[in-house]
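Novice:
Residue numbers (the working numbering): 1 to 68.
The structure is reproduced here in structure tokens:
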């Protein structure tokens with residue numbers, strides 16, 4: 001299932017995947033997702049599409065704000 005809301009995405013990351021949304025994890029993912037030359041970002045966009053990439057980037061940015 002591909003999450004369609006921030007709450008679903010957060011539940012997927014933290015509970016389904018067991019990955020705590022720490023500041024370090026968020027920062028690393030944001031750096032990668034913001035880099036169009038990153039192999040991981042290119043794979044993500046190929047697999048999920050550009051619109052979902054933007055959505056996930058926004059969700060990580062929101063998680064970053066929430067972590068402050």
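C-beta: ideal position from N, C-alpha, C; glycine also.
Can you say whether residue 2 is buried or exposed, counting buried as having 16 or more other CB atoms within 10 angstroms of its CB?
Specialist: Result: exposed.
Novice: What first and last residue would you give for the alpha helix (DSSP H) that runs through residue 27?
Specialist: Where residue 27 is concerned, the enclosing alpha helix (DSSP H) stretches over 23–33.
Novice: At which residues does the alpha helix (DSSP H) containing residue 14 begin and terminate?
Specialist: Residue 14 -> no alpha helix (DSSP H), and no H or E assigned at all.
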